[in-house]
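Take a look at the structure set out below.
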Amino acid sequence: MPDLKLLWEIQALDGRKRALEKKLKGGKMAEELKSIKADIEEGRALFNKIKEEYNGVKKSQKLKEMDVSSANEQLASLGKKLYDGSITNVKEMNSNSKKLESLKNMVKKAEDEILALMEKQDELRAKLEGMSAGLNNKAEKYRRKHSGLLAGQQKIRQSIAQIPLARQKLLDKLDVETWQRYMDMKKRFNDPLARVEKATCMGCRMGITFNELRLLKIGEDIVYCSNCGRMLYWEKQG
């Protein structure tokens, strides 16, 4: 009488191995990590774009400050000439007075622009600081989840590594003919052996015949499901 309990345990180990190998690929966790990584990369690209804008504003402010400094030097020099009596020509005095007024207006306008640029810098700096903190949090979340995934995968590999020996021990006890018949059916089914529960083949979920159930209870030979063709395994209760 073939010992299908051994075969059932071997098939269960094979099924467990397949499930563990699938889990090893990461599944939901790997997809989550992929999503977090994409989010970080997108955030970094935006951060760099805003940082480039910030540096441009900072450079513009520096240039404006240099213009104001140069204009103030000209104002000081021109004011001295106008008020120390070194210019006596009325036409020249009028010309320099207009130039002085123009420089003052230019300085006022430039200083207003510098204030606007400073406000823009403050706004961009605050945005960059917030983004940097957010990116750091996401990077830490990614590292934590990645470490968890690696640790989990290591445990899975250890579990997979234990299966071949347990499987071989069972296989050594199984008769060759039963194993050969099982392997022949592997060409049709991933799991050729189906458990029978409440007179139902759990492979195809169809009810088996009374005669099939009777033969299973006798247990003299392998019984096949008349619906799907799988080998049937019935475990005596009690």
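Under our numbering, the first residue of the sequence shown carries the number 127, and numbering increases by one thereafter.
By construction, the Cβ of each residue, glycine as well, lies at the ideal position given by its N, Cα and C atoms.
Extent of the continuous beta strand (DSSP E) run through residue i
{"i": "V322", "result": "L319 to E323"}
Start and end residues, alpha helix (DSSP H) containing residue i
{"i": "M328", "result": "Segment: none, M328 is in no alpha helix (DSSP H) and carries neither H nor E."}
{"i": "F336", "result": "F336 to I344"}
{"i": "R142", "result": "L130 to L150"}
{"i": "D100", "result": "Nothing about residue 100 can be reported from this structure: the residues present for the chain run from 127 to 364 only."}
Strand pairing of residue i, partner residues [DSSP]
{"i": "L358", "result": "A320"}
{"i": "Y209", "result": "Its beta-bridge partners do not exist; DSSP assigns none."}
{"i": "Y180", "result": "The partner list for Y180 (beta bridge, DSSP) is empty, contrary to what the question assumes."}
{"i": "Y350", "result": "M357"}
Neighbourhood of residue i by C-beta, 8 Å cutoff - its chain only, sequence neighbours within 5 removed
{"i": "K343", "result": "W360 and K362"}
Presumed contact (8 Å Cβ cut-off) between residue i and residue j, rounded CB distance
{"i": "L201", "j": "K230", "result": "7 Å"}
{"i": "V183", "j": "L243", "result": "6 Å"}
Sequence-distant residues of its chain with Cβ nearer than 7 Å to residue i (five each side left out)
{"i": "D165", "result": "K264"}
{"i": "G141", "result": "D317"}
Alpha-carbon spacing of residue i relative to residue j, whole angstroms
{"i": "M309", "j": "T335", "result": "25 Å"}
{"i": "L358", "j": "A145", "result": "23 Å"}
{"i": "G256", "j": "I176", "result": "12 Å"}
{"i": "R293", "j": "R340", "result": "30 Å"}
{"i": "Q137", "j": "D317", "result": "7 Å"}
{"i": "S223", "j": "M232", "result": "14 Å"}
{"i": "F173", "j": "K188", "result": "22 Å"}
{"i": "Q279", "j": "K312", "result": "29 Å"}
{"i": "S186", "j": "M192", "result": "10 Å"}
{"i": "E303", "j": "E346", "result": "14 Å"}
{"i": "L132", "j": "K295", "result": "10 Å"}
{"i": "I282", "j": "D298", "result": "25 Å"}
Contacts around residue i, its chain only, beta-carbon distance under 6 Å, and the 5 residues preceding and following it disregarded
{"i": "K190", "result": "A236, E239 and I240"}
{"i": "M328", "result": "A320 and R321"}
Test: residue i CB closer than 7 Å to a CB of chain C
{"i": "E168", "result": "No chain C is part of this structure, which consists of one protein chain only."}
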